Amino acid sequence: MSAIEPRSAQFRREREARWRELEVLVQKVETRGLRSLSAEQLQVLPILYRGVISSLSVARAISLDRNVVRYLEALAQRAYFVVYSPRRTAPEVMTEFFRRSFPRAVREIRGPILLAFAISLLATLIAYSMVRADLDDYYLFVAAEYAAGRDPTASTEELRAILMNEDGDEHDGDALANFAAHLFSNNARIGLLCYAVGIVPVLLVGLLLFQNFALLGAFAALHAERGLSVEMWSWILPHGVTELLAVIVCAGAGLTIGLAWFFPGERSRTRSLVVRSRTAGVVAMGSVLMFLIAALIEGFFRQLVDDIPSRYLLAASTALFWSAYFGLAGRRSG
Amino acid sequence: MSSKLRRALIGEGSAPSTLEGVLGPPPVATREIPTPEGVTLTFEIASGGDRASGFLIDLVLIGLLLLGCGFLAPQLLSFSSLLIFLQLVFFGLRCFYFSGFELLLRGRTPGKLLTRTQVIDRQGGPLRVEAIFARNLTREFEHFIPFIVLINGGAILPDAPVWSGWFAFVWAGVFGLFPLLNPERLRLGDVLAGTIVVKAPQPILADDLGAEAPTEDSEEASGEEIASAPRVHSFRREQLERYGIYELQVLEEVLRQQKMRRKTLIGIRDRIQRKIGYEQRGGDPRVFLEEFYRAQRIFLEERLLLGEKREDKHAADDAQPSREGRGSTDEGDARS
Numbered sequence: 000m001s002a003i004e005p006r007s008a009q010f011r012r013e014r015e016a017r018w019r020e021l022e023v024l025v026q027k028v029e030t031r032g033l034r035s036l037s038a039e040q041l042q043v044l045p046i047l048y049r050g051v052i053s054s055l056s057v058a059r060a061i062s063l064d065r066n067v068v069r070y071l072e073a074l075a076q077r078a079y080f081v082v083y084s085p086r087r088t089a090p091e092v093m094t095e096f097f098r099r100s101f102p103r104a105v106r107e108i109r110g111p112i113l114l115a116f117a118i119s120l121l122a123t124l125i126a127y128s129m130v131r132a133d134l135d136d137y138y139l140f141v142a143a144e145y146a147a148g149r150d151p152t153a154s155t156e157e158l159r160a161i162l163m164n165e166d167g168d169e170h171d172g173d174a175l176a177n178f179a180a181h182l183f184s185n186n187a188r189i190g191l192l193c194y195a196v197g198i199v200p201v202l203l204v205g206l207l208l209f210q211n212f213a214l215l216g217a218f219a220a221l222h223a224e225r226g227l228s229v230e231m232w233s234w235i236l237p238h239g240v241t242e243l244l245a246v247i248v249c250a251g252a253g254l255t256i257g258l259a260w261f262f263p264g265e266r267s268r269t270r271s272l273v274v275r276s277r278t279a280g281v282v283a284m285g286s287v288l289m290f291l292i293a294a295l296i297e298g299f300f301r302q303l304v305d306d307i308p309s310r311y312l313l314a315a316s317t318a319l320f321w322s323a324y325f326g327l328a329g330r331r332s333g
Numbered sequence: 000m001s002s003k004l005r006r007a008l009i010g011e012g013s014a015p016s017t018l019e020g021v022l023g024p025p026p027v028a029t030r031e032i033p034t035p036e037g038v039t040l041t042f043e044i045a046s047g048g049d050r051a052s053g054f055l056i057d058l059v060l061i062g063l064l065l066l067g068c069g070f071l072a073p074q075l076l077s078f079s080s081l082l083i084f085l086q087l088v089f090f091g092l093r094c095f096y097f098s099g100f101e102l103l104l105r106g107r108t109p110g111k112l113l114t115r116t117q118v119i120d121r122q123g124g125p126l127r128v129e130a131i132f133a134r135n136l137t138r139e140f141e142h143f144i145p146f147i148v149l150i151n152g153g154a155i156l157p158d159a160p161v162w163s164g165w166f167a168f169v170w171a172g173v174f175g176l177f178p179l180l181n182p183e184r185l186r187l188g189d190v191l192a193g194t195i196v197v198k199a200p201q202p203i204l205a206d207d208l209g210a211e212a213p214t215e216d217s218e219e220a221s222g223e224e225i226a227s228a229p230r231v232h233s234f235r236r237e238q239l240e241r242y243g244i245y246e247l248q249v250l251e252e253v254l255r256q257q258k259m260r261r262k263t264l265i266g267i268r269d270r271i272q273r274k275i276g277y278e279q280r281g282g283d284p285r286v287f288l289e290e291f292y293r294a295q296r297i298f299l300e301e302r303l304l305l306g307e308k309r310e311d312k313h314a315a316d317d318a319q320p321s322r323e324g325r326g327s328t329d330e331g332d333a334r335s
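Right, here's the structure in full:
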């Protein structure tokens, strides 16, 4: 036996200081972020990382010391994420999300969203015409507890009172309660449900969406019957623009996932799912925020505004805002 | 691994009788990710138990946060608004807890920190915001909706029939068990987002057992002795040809166990001495094992450089075929 100690021990002794140096840097980045490193440390980080990667491949070939190989493997893994992860802080991520990712993702899946829109429109029209033809069909589309008095048995005056904030609402003046009640109202639930069920059967999305918008159609028909159309839309639209849009966008996201499975295009089926659901995930997360905005409008703003023209003005400005946002935001690259 | 090891060596209960049967590396599911540098990194996939306990910890934390808000709020709000307020907080946590933490802590939530697991991109790319959103929004579908239906079916769809509770139970069960049905332990959200949950790497560099300087692994009693004393044992070539890499690394594990009983070490020493036909029986077991380890490693690493990789003692050896069959190698009992 010629050697006094294993070659791998010598190999380790020559390099250990560099490994330890990288370990300290990686630890620092993981706990305090990349900004905690000085300029020199930043410069040396990738060099040390490459050193460890090459040590790892040498160690795998020559070292029988399992502890060293494991150590290098773990260190290389941690350093790999530090070196190759996007270097962004939480505010940067948020800004990026609102300025680019969300509107871009929406534009990217505009096909499914348009499909969702078509289903919604169709449902509204069908329910509307059916209820206009026969008022009893109202109950086909609207569950009794959801209607909360707004059904064909209610008098025109009662309906008007609800629309114009004239009723003695139990949450009267309690903006928070209104906000919450609205957030958990039918639409937000249907929207998220649409995203969620899109994962499995695409058809269910269509069904849910159809049911929800049929409800709107029936509701509209009832009020039209009593000549309250103008008031009704002024009640719905200020928050409804945002909210119904969010429902449709959410359903579009759900449809995207389902369609990615059925029509993977040139990608493999799993890869197609991954790529499309990431986009859909961004869209769904964005629409959660749209629901929040709609609830804010409903809870804090709309209750304060009683006259019909300003309600329409509000509705129009939200419509303008969203079309500008989805049409224009994040177009420029960079 | 170590508890298994100790149990086997110390001999509690019905431990398997052979060293090899117990000490082998447990079959760990791994995911290989090639780096741009051309070296493949092998990640250990987080087990179902890790995943479940991480998720439970997060749920408990969400519960505690809700409770905390409930205790803080009464001074500010009336009782009826309190419930609404809590509902809002729950909605916020439901939507943003997991995504928020995974964004801030690089793919980790408090539960994942405690279970030492981490979300990474399945292809090895950077963990993107989109992926985090996609994998966490599906929780709505996988856990929250069935959970809510289970409690109150009417909350999701009005007029939910009575059996909807059972349906939700099965639903939650199917998606809850989904990770156990695929080898990479992917949740539905992981499949969709292209992510995977792995054990967070913990680099721990212990002392080199093969290095010339005495190590801390030596027992206190004999530590100084080794430092001053020259090598007590020497081994001949044919004695070192008996074992392979596998046995060497098992021995490494044994020597790294701090609390190994002397009796156990003596058992292993005797067994090795018998097997290699070592003339001077006895001697301090730790000194013998450490020196045997060092000599064996030097020998095997040199062979490795020459391109001869002897995996274990059963491997066919051109120079000197192993004269002992499988049966006789098992005779020595670690529990002696």
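So the protein lines, in turn, are chains A and B. Heads up: the first sequence is residues 0 to 333, going by numbering that gives the first Met the number 0. Heads up: the second sequence is residues 0 to 335, going by numbering that gives the first Met the number 0. Think of the CB as a built atom: it goes at the ideal place given N, C-alpha and C, for glycine as much as any other residue. Since this is a predicted model, take the numbers as computed values, not measurements.
| Query | Result |
| --- | --- |
| Through-space distance from ARG261 (chain B) to PRO284 (chain B), alpha-carbon basis | 8 Å |
| VAL169 (chain B) classed as buried or exposed, judged by whether at least 16 other C-beta atoms fall within 10 angstroms | exposed |
| Option nearest ALA315 (chain A) by Cα separation, candidates A:VAL240, A:ILE292, A:ARG99 and A:LEU244 | A:VAL240 |
| Min CB distance ILE256 (chain A) to chain E below 8 Å | Going by chain labels, chain E is absent from the structure shown, which instead holds the protein chains A and B. |
| Cα-Cα separation between LEU179 (chain B) and LEU258 (chain A), rounded to whole angstroms | 26 Å |
| 9 Å Cβ cut-off: residues of chain A touching VAL190 (chain B) | THR269, LEU272, VAL273 and SER276 |
| Where CYS94 (chain B) meets chain A, residues with beta-carbon distance less than 7 Å | VAL287 |
| PHE42 (chain B) - DSSP class collapsed to helix/strand/coil | strand |
| Coil, strand or helix - LYS198 (chain B) by DSSP | strand |
| Helix, strand or coil at PRO33 (chain B) according to DSSP, with G and I counted as helix | strand |
| CB contact check: VAL281 (chain A) to chain B, cutoff 8 Å | yes |
| Residues of its chain near GLY280 (chain A), where Cβ-Cβ distance is below 8 Å and the 5 sequence neighbours each way are ignored | ALA252 |
| Given 8 Å, three or more beta-carbon pairs between the stretch 320-329 of chain A and the stretch 124-142 of chain B | no |
| Rounded Cβ spacing between VAL246 (chain A) and ILE108 (chain A) (contact assumed at less than 8 Å) | At roughly 15 Å, the Cβ-Cβ gap does not stay under 8 Å, so VAL246 (chain A) and ILE108 (chain A) are not in contact. |
| Length of the line joining the Cα atoms of LEU250 (chain B) and ILE32 (chain B) | 30 Å |
| Backbone secondary structure at VAL118 (chain B) - three-state DSSP | strand |
| Within-8 Å CB hit, ARG6 (chain A) to chain B | yes |
| Any chain A beta carbon closer than 8 Å to ARG105 (chain B) | yes |
| Short Cβ contact (8 Å threshold) for MET289 (chain A) with LEU244 (chain A) | yes |
| Residue environment, MET93 (chain A), which counts as buried when at least 16 other CB atoms sit within 10 Å | exposed |
| Cα-Cα separation between GLU36 (chain B) and ALA73 (chain A), rounded to whole angstroms | 16 Å |
| Supposed close pair THR278 (chain A), THR255 (chain A) - CB separation, criterion 8 Å | 7 Å |
| Rounded distance between the beta-carbons of ALA51 (chain B) and GLU183 (chain B), thought under 8 Å | Not a contact, Cβ separation roughly 16 Å. |
| Endpoints, the alpha helix (DSSP H) within which PRO109 (chain B) is located | 109-113 |
| Cβ shell of GLY329 (chain A) (< 7 Å), same chain only, five flanking positions each side left out | ARG98, ARG99, PRO102 and ARG103 |
| Cβ shell of LEU288 (chain B) (< 8 Å), same chain only, five flanking positions each side left out | LEU250, VAL253, LEU254, LEU264, ILE267, ARG268 and ILE271 |
| Under 7 Å by beta carbon: chain B residues contacting VAL248 (chain A) | In chain order: nothing, as chain B lies at least about 13 Å away. |
| Inter-residue spacing [alpha-carbon to alpha-carbon] between ASP57 (chain B) and SER276 (chain A) | 24 Å |
| With 16 other Cβ atoms within 10 Å as the buried cut-off, status of PHE140 (chain B) | buried |
| Local Cβ density within 10 Å of PRO24 (chain B), reported as buried at 16 or more and exposed below that | Only weak support is given to the placement of PRO24 (chain B): the predicted model assigns it a pLDDT of 48, under 50, and the value that follows is read from those uncertain coordinates. By the neighbour-count rule (16 or more Cβ atoms within 10 Å), PRO24 (chain B) is not buried but exposed. |
| Residues near VAL88 (chain B) in its chain [Cβ-Cβ closer than 7 Å; skip 5 each side] | LEU65 and CYS68 |
| Residues of its chain near ARG186 (chain B), where Cβ-Cβ distance is below 6 Å and the 5 sequence neighbours each way are ignored | PRO178 |
| Proximity below 8 Å, CB of LEU236 (chain A) to CB of ARG159 (chain A) | no |
| Segment contact flag, the stretch 113-129 of chain B with the stretch 260-267 of chain A, C-beta cutoff 8 Å, min 3 pairs | no |
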